[in-house]
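Read the structure below first, then the notes.
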Amino acid sequence: MQPDHILIVDDDREIRELLGSYLEKNGLRVTKAASGKHLRAALDDVAIDLIVLDLMLPGEDGLTLCRDLRAGKHKTIPILMLTARSDEADRILGLEMGADDYLAKPFAPRELLARIRSVLRRARMLPPNLQVDEPAHLLSFGEWQLDTVGRHLVDTGGTLVPLSGAEYRLLRVFLDHPQRVLNRDQLLNLTQGRDAELFERSIDLLVSRLRQRLNDGAREPRYIKTVRSEGYVFSAAVQPQHPREAPI
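Numbered per our numbering, the sequence shown spans residues 5 to 252.
Okay, here's the thing in structure tokens:
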């Protein structure tokens, strides 16, 4: 079995070399990139298991690259974001763009290694019975449809309701597993794969925002119901529709 292959993306050559050397000494394969252009070239050239992505890059920054990766063919590769800024708003924004974890500079290389191993472990913990095939382009439920290509909601009047990346991923999880209670560990693995501590601080807020998008009252929700001491359940029936089945 080959060691995991890590792609380090940082415009600081000294940091790239330092981290690359440390990770290689600890049994990982490493490819280094200085920009978004080099990142894409690396992804086209070799199989990558995890990306360590610096937020502050010249040209395309880490947030833009993270968002683009999550929307493209490499969307399943875990991303650990690095930044010199430790503000909580920046951390939340990075996670909402699709990062699996977030580490503020300065940090010890040993902590980065521990985070990498944790993210990889969580990304591989998904139980086989929760895997789903690629869904239809439209998922209908109640008074709504989710367009999985445009990544937005459509109400009965045809009004489009945009979703953030985090809101879309969480709603997809619920729609892929309706009528099933999902605990926080399962939601963690199915949406972000990041550390439970980070997820615990944001999941309730994310569910609340998603309920607002769906006009779903918190006291008597029609769609996302809280199961005390267990997690959440999506209680509405979901009907997949392929493009040829969608109403004109």
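All C-beta atoms, glycine included, are put in the ideal place defined by N, C-alpha and C.
For residue j and residue i, the rounded distance between their alpha carbons
i	j	result
Q149	H78	26 Å
G154	T80	18 Å
P244	L143	5 Å
D137	D14	Residue placement at D137 is poorly supported in this model, since its pLDDT is 47, which falls under 50; the coordinates are not used for a value here.
H9	T35	7 Å
R179	E21	Residue identity check: residue 179 is Leu in the sequence provided, not Arg. Each residue's alpha carbon lies about 43 Å from the other.
I12	I55	6 Å
E64	E224	43 Å
D16	A222	47 Å
F275	L67	Residue 275 falls outside the range modelled here, since the chain spans only 5 to 252, and no answer is possible.
A118	E147	44 Å
A241	D189	24 Å
L61	E28	24 Å
P7	S122	15 Å
D49	H42	10 Å
T163	R71	24 Å
R248	H156	Low local confidence applies: a pLDDT of 48 at R248 is under 50, so the model's placement there is unreliable, with the coordinate-based value given in what follows. Computed Cα separation, rounded: 19 Å.
V231	L175	17 Å
F238	I207	15 Å
P113	R33	15 Å
R198	D104	Its pLDDT being 44, under 50, R198 is placed unreliably in this model, and the value from its coordinates should be taken loosely. Looking at the two C-alpha atoms, the distance is approximately 5 Å.
Check: residue i C-beta below 7 Å from any heavy atom of the ligand FAD
i	result
R114	Looking at this structure, you won't find the ligand FAD or any other ligand, since it has none at all.
Test item: CB-CB of residue i and residue j under 8 Å
i	j	result
I228	L214	yes
L194	G235	no
A46	A37	yes
A127	P182	no
L191	V177	yes
V158	R217	no
I86	L124	According to the sequence shown, residue 86 is Leu rather than Ile. Not in contact: L86 and L124 (Cβ atoms no closer than 8 Å).
Residue of the options minimising C-alpha distance to residue i
i	options	result
L84	R74, R226, P62 and L57	L57
R173	G102, D189, V242 and Q190	G102
G40	L69, Y26, L32 and S25	L69
R44	L73, S25 and I19	L73
I19	D151, P110 and G98	P110
Bounding residues of the alpha helix (DSSP H) (the contiguous stretch that carries residue i)
i	result
R74	G66 to A75
A46	G40 to D49
P110	First-last for P110: undefined, no H or E at that position.
R20	R17 to K29
Segment limits, beta strand (DSSP E) that includes residue i
i	result
I55	L54 to D58
S144	L142 to F145
H9	H9 to V13
V34	R33 to A37
L61	Careful: L61 lies outside any beta strand (DSSP E) and carries neither H nor E.
Q149	W148 to D151
P244	Q243 to Q245
Q) Along the chain, which unbroken stretches of the beta strand (DSSP E) at least 3 residues long are found entirely within the segment 159-234? A) The segment 159-234 contains these whole beta strand (DSSP E) runs: 164-166 and 228-231.
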